[in-house]
Structure formats: structure tokens, C-alpha cells
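If you use mature numbering (1 follows the signal peptide of the UniProt record, and there is no 0), the sequence shown corresponds to residues -24 to -1, 1 to 208, in order. Glycine is no exception: its CB is placed at the ideal position from the N, C-alpha and C atoms. Every value quoted in this text rests on a predicted model; they were computed, and no experiment measured them.
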Amino acid sequence: MASFHIHLLCWLSVALCISAQVYTGPGDPRLVEAITTDPPINRVSTSPGGRLFVPYARIDGSTGPTVVEYNLTTNATTAYPDVRWNSYQPGDDPATAFVRINSQRIGPDGCLWLVDVGSPGFGQAVILPDGPKLIQVNVTTNEVQRVYPMGNVTRSVSLLDDVRFNLATGKAYLTDAGSPALIVLDLGSGIARRVLDNDLSTREYLPISAEGSLLTNAFPQGGFSFIYADQL
């Protein structure tokens, strides 16, 4: 099984390198290997107190916890915030467990925020209305503090992808990369609404670029890559 490596820059920023092959190019003294895991890693979040949280994408078919806390001293992982939230099975209540975590972020409030797409597998239909949700975890008490249901603003083909916050206005903003739109969530009331639904600005009208160059598809050969509104 391919290994998925996480590197820490010496100035403490985190860069992810997920590859099916071992990198053999020139070394960079600023990069120091921090951890190596078998399941693919989607993101890494570090709390203000230095705790490390990792969501496993599980696209390789592996089973186990979806979200873990990684101990850099012992290299041990612990299901986070607990085993119950990480033990969803078909037929379980999707409102009280992680169906499939697609992204996470330490918010400006210091909490760990988890975006649950509500779909048990890539390409599978979203479990409506209780599957898609935004989960706020208090990293001090290690408990789920609040769950924001997203079933009223998502569709069976939706893919909740990323989240950002504006505490000055009390709003959170999410992208729907499956049914193109942005979602605006009022953190106080829990009321969410879709905006720019299927608008040109959220559809795949611009090809993906990296380092100043447009990316082309390997299969089928040639052609540019396009995606809906994705990362924020």
C-alpha cells in the first residue's frame, strides 16, 4: 500500500504530499518528515495548544476511524472525539455519526470544525436530510458542541467541500462541489441558504492551474481539468 507523507516546514507550516510513488527528487532542508500513514489523509489541523487532528479519506477502501488525533510523540492515533462518532454503519442515524468527513479546520474560536458530506462513499448519493452537516467539536472538553444540519440546502449529488468563518458577522461559508453553489450559514440561528446556485462563478468554467500553468488530464489524454467551487 502506498504511503501518504506529511511534512512540516521548519517554520511550522504544514505541507501535504500525497502520492502513490516515493519522491526521489532534490531534497529541501526546510522539509522534515513528521508522520507517515497508510490511509490517505485529506487534511491536517493543529489546535492552538499544539494537538494534531487528521481526517482519513478512506478512498483506498480501508476501514476504521474517520477522524483521529495523532500523537507525534508516540505515533499513536485515537478516534476523535470518540469511537461512537467514528462508527457509522449503513442504517445508523446519520445525524449522530460521521458519515464521511471531507474536510476540517480549526476555527477562529479554537474549535475543530468538521464538514460531513453525508454520503457513505465517493459518488454515492447523499443521505438526506440528516447526513450532510457541519460539526463543531470543543477541543477542550473533547465533545461535540453543536451540529449544524445541511440537509435543507444540499441535494443528493451535493459534495460539501470546505468551510471558512467570519465571526464578525457570525457567518460560515461552505462550498458545494457536487451541485455548484456557496452555502451561507448563520452560526447563531443555524439557518443556512444557498447562493450563486449553478452560477457561472461556481461552475467549472475555468481550468485548474498550478504554479502558473494549466493542468491537463492524463486520462483521457489531453484536455484541461475543471471543477466546481471547491476549496475556499
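Give every residue of the same chain whose Cβ lies closer than 8 Å to the Cβ of residue i, excluding the five residues on either side of it in the sequence, and list them in chain order.
i: asparagine 128; result: Pro105, Ala168
i: valine 59; result: Pro41
Apart from the five residues just before and just after residue i, which ones in its own chain have a Cβ nearer than 7 Å to its Cβ?
i: serine 134; result: Val102, Pro108, Asp152, Gly154, Ser155
i: phenylalanine 141; result: Gly83, Pro84, Ala148
i: proline 57; result: Val113, Asn118, Glu119, Val120
i: serine 132; result: Ala101, Val102, Leu104
i: arginine 27; result: Glu45, Val115
Identify the continuous beta strand (DSSP E) that holds residue i and give its terminal residues.
i: aspartate 58; result: Per DSSP, aspartate 58 belongs to no beta strand (DSSP E) and is neither H nor E.
i: asparagine 114; result: 109 to 114
i: tyrosine 124; result: 119 to 125
i: leucine 150; result: 147 to 152
i: leucine 104; result: Note, leucine 104: premise wrong, no beta strand (DSSP E); not H, not E.
i: asparagine 78; result: 77 to 82
Alpha carbon to alpha carbon, how far is residue j from residue i? Give it in angstroms, no decimals.
i: glycine 86; j: serine 23; result: 7 Å
i: leucine -13; j: leucine 48; result: Bear in mind that a pLDDT of 29 at leucine -13, under 50, signals an unreliable position, so the number given afterwards is only what the model happens to contain. Rounded to the nearest angstrom, the two C-alpha atoms are 14 Å apart.
i: glycine 164; j: glycine 146; result: 7 Å
i: glycine 25; j: threonine 116; result: 10 Å
i: glycine 3; j: leucine 136; result: 36 Å
i: glutamine -4; j: aspartate 162; result: Residue placement at glutamine -4 cannot be trusted, given a pLDDT of 41 that sits under 50; what the coordinates show is reported in the next sentence. Each residue's alpha carbon lies about 43 Å from the other.
i: glycine 188; j: glycine 67; result: 46 Å
i: proline 144; j: valine 160; result: Sequence inspection shows alanine at residue 144; the proline mentioned does not correspond to that position. Taking the straight line from one Cα to the other gives about 14 Å.
i: tyrosine 124; j: asparagine 62; result: 18 Å
i: valine 91; j: alanine 52; result: 24 Å
i: histidine -20; j: glycine 37; result: Any reading at histidine -20 must be qualified, since the residue scores a pLDDT of 41, below 50, and its modelled position is unreliable; the value itself is stated next. Histidine -20 and glycine 37: Cα-Cα distance of roughly 18 Å.
i: tyrosine 64; j: alanine 55; result: 13 Å
i: isoleucine 31; j: tryptophan 89; result: First, the residue type needs correcting, since residue 31 is proline and not isoleucine in the sequence shown. When rounded, the distance between both Cα atoms is 11 Å.
i: threonine 72; j: leucine 110; result: 12 Å
i: arginine 170; j: phenylalanine 29; result: 29 Å
i: asparagine 193; j: serine 21; result: 30 Å
i: aspartate 69; j: threonine 130; result: 18 Å
i: leucine 7; j: valine 93; result: 32 Å
Assuming residue i and residue j make a contact with CB atoms under 8 Å, what is their CB distance in whole Å?
i: valine 139; j: serine 79; result: 7 Å
i: isoleucine 35; j: phenylalanine 98; result: 6 Å
i: isoleucine 77; j: valine 43; result: 6 Å
For residue i, which residues in the same chain have their Cβ closer than 6 Å to its Cβ, ignoring the five residues on either side in sequence?
i: asparagine 114; result: Cys87, Gln121
i: leucine 150; result: Leu136, Val139, Ile159
i: residue 209; result: The first residue shown for the chain is -24 and the last is 208, placing residue 209 beyond what the model contains.
Tell me, please, whether the CB atom of residue i is closer than 7 Å to any CB atom in chain C?
i: arginine 169; result: Structure shown: chain C not included; a single protein chain is present.
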